[in-house]
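Worksheet: one structure, shown below.
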Amino acid sequence: MNRGALRDILEQALAGMGVTGHEVRLERPRDPDHGDIASSVALTLASRLRRPPRAIADEIAGRLELDGTGIASVEVAGPGFLNFRLSASRVFSVVVEILRRGELYGRSGDGQGRSIMVEFVSANPTGPLHLGHGRQAALGDTLANLLDWTGWAAYREYYYNDAGRQIERLGESVACRYLRHFGVQADFPDDGYHGAYVVEIAERLAQAEGDRWVDAEPEERHAACRRFAVRVLREEQDRDLAHFGVRFDRYFLESSLYTDGAVDATIAALRETGHVYDRDGAMWLTTTAFGDQKDRVMVKSDGSPTYFLPDVAYHMSKWRRGFHEVINVQGSDHHGTVDRVRAGLQALGRPRGYPEYLLHQMVTVERSGVEVKLSKRSGGYTTLRELVEAVGADVVRYFFLMRKPEAHLVFDLDAALDHSDRNPVYKSKYAHARMCSIFRKAGMDPDSMTPDQLAPEGLDLSLLEHPRERELMGRLGEFPELVRRAARARAPHLVCEYLEHTSGMVNSWYHAGNPTRNPDLAVLAGDPALRAARLALTGAVRVVLRNALTLVGVQAPTRMARRVS
RNA sequence: GCGCCCGUAGCUCAGCUGGAUAGAGCAACGGACUUCUAAUCCGUAGGUCCCAGGUUCGAGUCCUGGCGGGCGCGCCA
Numbered sequence: 053m054n055r056g057a058l059r060d061i062l063e064q065a066l067a068g069m070g071v072t073g074h075e076v077r078l079e080r081p082r083d084p085d086h087g088d089i090a091s092s093v094a095l096t097l098a099s100r101l102r103r104p105p106r107a108i109a110d111e112i113a114g115r116l117e118l119d120g121t122g123i124a125s126v127e128v129a130g131p132g133f134l135n136f137r138l139s140a141s142r143v144f145s146v147v148v149e150i151l152r153r154g155e156l157y158g159r160s161g162d163g164q165g166r167s168i169m170v171e172f173v174s175a176n177p178t179g180p181l182h183l184g185h186g187r188q189a190a191l192g193d194t195l196a197n198l199l200d201w202t203g204w205a206a207y208r209e210y211y212y213n214d215a216g217r218q219i220e221r222l223g224e225s226v227a228c229r230y231l232r233h234f235g236v237q238a239d240f241p242d243d244g245y246h247g248a249y250v251v252e253i254a255e256r257l258a259q260a261e262g263d264r265w266v267d268a269e270p271e272e273r274h275a276a277c278r279r280f281a282v283r284v285l286r287e288e289q290d291r292d293l294a295h296f297g298v299r300f301d302r303y304f305l306e307s308s309l310y311t312d313g314a315v316d317a318t319i320a321a322l323r324e325t326g327h328v329y330d331r332d333g334a335m336w337l338t339t340t341a342f343g344d345q346k347d348r349v350m351v352k353s354d355g356s357p358t359y360f361l362p363d364v365a366y367h368m369s370k371w372r373r374g375f376h377e378v379i380n381v382q383g384s385d386h387h388g389t390v391d392r393v394r395a396g397l398q399a400l401g402r403p404r405g406y407p408e409y410l411l412h413q414m415v416t417v418e419r420s421g422v423e424v425k426l427s428k429r430s431g432g433y434t435t436l437r438e439l440v441e442a443v444g445a446d447v448v449r450y451f452f453l454m455r456k457p458e459a460h461l462v463f464d465l466d467a468a469l470d471h472s473d474r475n476p477v478y479k480s481k482y483a484h485a486r487m488c489s490i491f492r493k494a495g496m497d498p499d500s501m502t503p504d505q506l507a508p509e510g511l512d513l514s515l516l517e518h519p520r521e522r523e524l525m526g527r528l529g530e531f532p533e534l535v536r537r538a539a540r541a542r543a544p545h546l547v548c549e550y551l552e553h554t555s556g557m558v559n560s561w562y563h564a565g566n567p568t569r570n571p572d573l574a575v576l577a578g579d580p581a582l583r584a585a586r587l588a589l590t591g592a593v594r595v596v597l598r599n600a601l602t603l604v605g606v607q608a609p610t611r612m613a614r615r616v617s
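Numbering (our numbering) for the first sequence: 53 to 617.
As structure tokens, then:
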């Protein structure tokens, strides 16, 4: 758009009035009667100039040079707003731009190609993925898409905590089930994992490797069970994530931080900073010097590190690998760790806000207003897989994204299972499929249309003068700015909001043009020029819907199968 | 007790850098449609933006204090 140019012209006019260095803000008015772009600059200048805002606005309007800017008119309204209206050709031109850019429409260059890492999911391989992980998977993946679309080199990483006490307990739990499988009496470990999946794993181990670990030393048996269980669970998590449409560039193993000496090196580096002291036989870091609420133990009195230390070592690895921009997607139940990890990193000289965090609240599932738990296998919590099997990956992804991350998410099963336009996921899919259906009806293949076919020489878009069409074009033109805003605000839900609102407009436009009831508004009108213009708009709508759906990771089908009830 | 987050229509939630008359979906109500443009469409009503102060031309949005809810506050991860 030509917002920058408009800002320049406004600043020029202000300079003519002796005003410089005043911020000129442009916004999109909510009410279409207020034009396409509005500025409140006269209001913000009122106190500085000690003049009524409307008088200032009038003077600015009189000084503007709008020739050749694509602005058709300016008017002073309300308490002193300047409302600008784009020329018609400006509005139409977006259709051609969209058709030309196709699947690139909406991309921009904020990031200038710089690297950024999004770390997400990072579940311990001690059980199936739960809904919190699912929300993270959707958020992290879409955030990475948004960053990619705004010019960043986005890198997806998954951190496996495969080295701690949790894993030991998993091994012990499986070992117990394994022994019992062979009729051997065994005590279940305190704080062991109780889910049915532990029994499954033990039985699979028995099947795969027989009873060879029954008489082995307990340590060996635990180790064998741990290795087997971690492998099985990792495979299962990877499969679940793949079904969910999420891939990672790298899986980073916590255990590697021990084997390659990174943890020891981190201890040594922290010691050198002078922020380390010993007390009660443990090694502490003065994280309070960097804003934490209390100092933290790095190495326990038994000589083993707390989780805090590998976390710092891990983030030093991220930095060393060139990721000076990192976003960690985590459940807000981990927010207590943010300050201390940053404190440890600050002690080592990393910048104050490194890394950035996107924290999200938990997910609960409701049916008919009552909370439900689908927890057949896990022993307590609903797994991602169970939910995906119940309503489909597209619906789960979209529902996980449609609320802002910092708000608690109520997953409404009734709404999710609804396959009508009332379900926002289907509403958007239908809108897309409907555009494709129009093309099929016109004898064109929606999968193989070129921009030249849709926007041929002599295309007259000025024929699109119906208010619905004007409104729709304006909406499509906002998509690139929306993508930028969503990426900058780390707010994937804005894309859902855009999709839902836009799809509503599209469906309403489509229904209004029902050929049997309202042939005047049908895309496939009798008049060839009008028909071509409307087909171009149809194509542009299709591009934007598909691009938006791609961003959130939802399929954009060219046709919807009719459901047999 | 301390820290972070949330509080907007009956329900679930949007609301851009503070901007003009606070929006959407569901539910409710009223019409239309009987269809290969789909699993309908159009419209109406619905509000103490949790409360009280403050900042200013202007506050749902920013600040302070309360109230209500979630989460966290370990030599657990």
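The beta-carbon is built from N, C-alpha and C at its ideal position, and this holds for glycine as well.
Keep in mind it's a predicted model, so treat the numbers as computed, not measured.
Along the alpha helix (DSSP H) that carries S308, what are the first and last residues, could you check?
Taking the first sequence and counting its residues from 1, the one referred to as residue 308 is at position 256. Element bounds for S308: 306-311.
Can you tell me where the beta strand (DSSP E) holding R331 begins and where it ends?
Counted from its first residue, the first sequence places residue 331 at position 279. First-last of the beta strand (DSSP E) with R331: 328-331.
Report the partner residues of T435 according to the DSSP bridge assignment.
Numbered from 1 along the first sequence, position 383 holds the residue referred to as residue 435. Answer is H182.
Taking 8 Å as the cut-off, decide whether the C-beta atoms of T109 and V128 are in contact.
Translated into positions along the first sequence, residue 109 becomes position 57. Translated into positions along the first sequence, residue 128 becomes position 76. Per the sequence shown, the amino acid found at residue 109 is Ala instead of Thr. Yes; because the gap between Cβ atoms is below 8 Å, this pair is in contact.
Can you give me the C-alpha to C-alpha distance between S308 and W265, rounded to a whole angstrom?
Within the first sequence, residue 308 is the residue found at index 256, counting from 1. Within the first sequence, residue 265 is the residue found at index 213, counting from 1. The alpha-carbon atoms of S308 and W265 are separated by roughly 27 Å.
Report the option in S472, P609, L582 whose CA atom is closest to the CA atom of V595.
Counting from one through the first sequence, the residue named residue 595 turns up at place 543. Of the candidates S472, P609, L582, the one whose C-alpha sits nearest the C-alpha of V595 is P609.
Report the three-state DSSP secondary structure of Q382 (helix, strand or coil).
Counted from its first residue, the first sequence places residue 382 at position 330. Correct three-state label for Q382: strand.
Answer yes or no: do E408 and S167 have a C-beta to C-beta separation smaller than 8 Å?
The count along the first sequence starts at 1 and reaches residue 408 at position 356. The count along the first sequence starts at 1 and reaches residue 167 at position 115. The answer is no: Cβ separation not under 8 Å.
As a quick exercise: from R437, E418, A467, pick the residue whose alpha carbon is nearest that of H460.
Counted from its first residue, the first sequence places residue 460 at position 408. Nearest C-alpha to H460: E418.
Residues in its own chain within less than 8 Å of E458 by CB, not counting five upstream and five downstream?
For the purposes of this step, residue 458 is taken as the residue at position 406 of the first sequence. Within the same chain, E458 has close Cβ partners S384, L411, H412, Q413.
Is the separation between the beta-carbon of Y210 and that of Y303 shorter than 8 Å?
Counting from one through the first sequence, the residue named residue 210 turns up at place 158. Counting from one through the first sequence, the residue named residue 303 turns up at place 251. Result yes, Cβ atoms of Y210 and Y303 sit closer than 8 Å.
Taking DSSP as the reference, what is the three-state secondary structure of V170?
Numbered from its first residue, the first sequence carries residue 170 at position 118. DSSP places V170 in strand when its eight states are reduced to three.
In angstroms with no decimal places, state the Cα-to-Cα distance between R492 and Y478.
Locating residue 492 in the first sequence gives position 440, where the first residue counts as 1. Locating residue 478 in the first sequence gives position 426, where the first residue counts as 1. About 20 Å.
Closer than 6 Å by C-beta to G235: which residues in its own chain qualify, once you throw out the five before and the five after it? Chain order, please.
In the first sequence, counting from the first residue as 1, residue 235 sits at position 183. Counting only Cβ-Cβ distances below 6 Å, and skipping sequence neighbours, we find nothing.
Taking DSSP as the reference, what is the three-state secondary structure of A124?
Along the first sequence, one-based indexing puts residue 124 at 72. Here A124 sits in strand by DSSP.
Run through DSSP, which three-state label would M335 get?
On the first sequence, residue 335 is found 283 positions in, with the first residue counted as 1. The answer is strand: DSSP assigns M335 an E or B state.
Between the stretch 103-120 and the stretch 473-487, can you find at least three pairs of beta-carbon atoms closer than 8 Å?
Taking 8 Å as the limit for Cβ pairs, the verdict is that the stretch 103-120 does not touch the stretch 473-487.
Quick check on this structure: which residue in S139, I112, V170, A585 has the alpha carbon closest to the alpha carbon of W619?
Past the edges of the chain, shown from 53 to 617, lies residue 619, and the structure says nothing about it.
Over what stretch of residues does the beta strand (DSSP E) that includes E423 continue unbroken?
Working through the first sequence from its first residue, we reach residue 423 at position 371. That run of the beta strand (DSSP E) goes 422-424.
Return the CA-CA distance between A633 and R159, expressed in angstroms with no decimal places.
The chain is shown only over 53 to 617; residue 633 falls outside these bounds and no answer can be derived.
Taking one C-beta from the stretch 439-453 and one from the stretch 223-243 each time, how about it: are there three or more such pairs within less than 8 Å?
Contact fails: fewer than three Cβ-Cβ distances are below 8 Å.
How would you label V424, buried or exposed, when you count the other beta carbons within 10 angstroms and need 16 or more for buried?
What you label residue 424 is simply residue 372 of the first sequence in a count that begins at 1. That one is exposed.
Just the Cα atoms here: how many angstroms apart are T339 and E438?
Taking the first residue of the first sequence as position 1, residue 339 is located at position 287. Taking the first residue of the first sequence as position 1, residue 438 is located at position 386. Distance between the alpha carbons of T339 and E438 is about 41 Å.
Output needed for V5: all residues of its chain with C-beta closer than 7 Å, excluding positions within five of it in sequence on either side, in chain order.
Here the chain has residues from 53 to 617 only, and residue 5 is not among them.
Judging by CA-CA distance, which residue of R586, C548, S555, L78 is the nearest neighbour of G565?
Walking along the first sequence from the start, residue 565 turns up at place 513. Comparing Cα positions, the closest option is R586.
Do L506 and L151 have their beta-carbon atoms positioned less than 8 Å apart in this structure?
Counting from 1 along the first sequence, the entry for residue 151 is found at position 99. Counting from 1 along the first sequence, the entry for residue 506 is found at position 454. Against a cut-off of 8 Å, the Cβ pair of L506 and L151 comes out as a contact.
Counting only the same chain and skipping the five closest in sequence on each side, list residues whose C-beta sits under 7 Å from that of L513.
Stepping through the first sequence from its first residue, residue 513 is reached at position 461. Excluding residues within five positions, the ones whose Cβ falls inside 7 Å are F144, V147, A585, A588.
Just checking my contact of Y212 with E63 at CB under 8 Å: how many whole Å lie between their CB atoms?
In the first sequence, the residue the question calls residue 212 occupies position 160. In the first sequence, the residue the question calls residue 63 occupies position 11. No, Y212 and E63 are not in contact; Cβ-Cβ is about 53 Å, not under 8 Å.
Between the alpha carbons of V381 and G405, how many angstroms are there, rounded?
Counted from its first residue, the first sequence places residue 381 at position 329. Counted from its first residue, the first sequence places residue 405 at position 353. Spanning the two alpha carbons is a distance of roughly 15 Å.
CA-CA distance, V558 and D312?
Position 506 of the first sequence, counted from the first residue, corresponds to residue 558. Position 260 of the first sequence, counted from the first residue, corresponds to residue 312. When rounded, the distance between both Cα atoms is 56 Å.
Would you list, in sequence order, the uninterrupted alpha helix (DSSP H) runs of no fewer than 4 residues that lie entirely inside the stretch 244-325?
As far as the stretch 244-325 is concerned, its whole alpha helix (DSSP H) runs of at least 4 residues are 248-261, 270-295, 306-311, 314-325.
May I ask you to list the residues that DSSP assigns as paired with E79?
On the first sequence, residue 79 is found 27 positions in, with the first residue counted as 1. Beta-bridge pairing links E79 to A90.
Where DSSP assigns a beta bridge to L222, which residues make up the other side?
As a working note, residue 222 is residue 170 in the first sequence. Beta-bridge pairing links L222 to no other residue.
Is the CB-CB distance between S480 and L528 below 8 Å?
Locating residue 480 in the first sequence gives position 428, where the first residue counts as 1. Locating residue 528 in the first sequence gives position 476, where the first residue counts as 1. Result no, Cβ atoms of S480 and L528 do not sit closer than 8 Å.
With 16 other CB atoms within 10 Å as the buried threshold, where does M69 fall?
Here residue 69 is taken as the residue at index 17 of the first sequence, counted from 1. With fewer than 16 Cβ atoms within 10 Å of its Cβ, M69 is classed as exposed.
Count the other C-beta atoms from every protein chain shown that fall within 10 angstroms of the C-beta of R611, then say buried if there are 16 or more, exposed otherwise.
Here residue 611 is taken as the residue at index 559 of the first sequence, counted from 1. With fewer than 16 other Cβ atoms within 10 Å, it is exposed.
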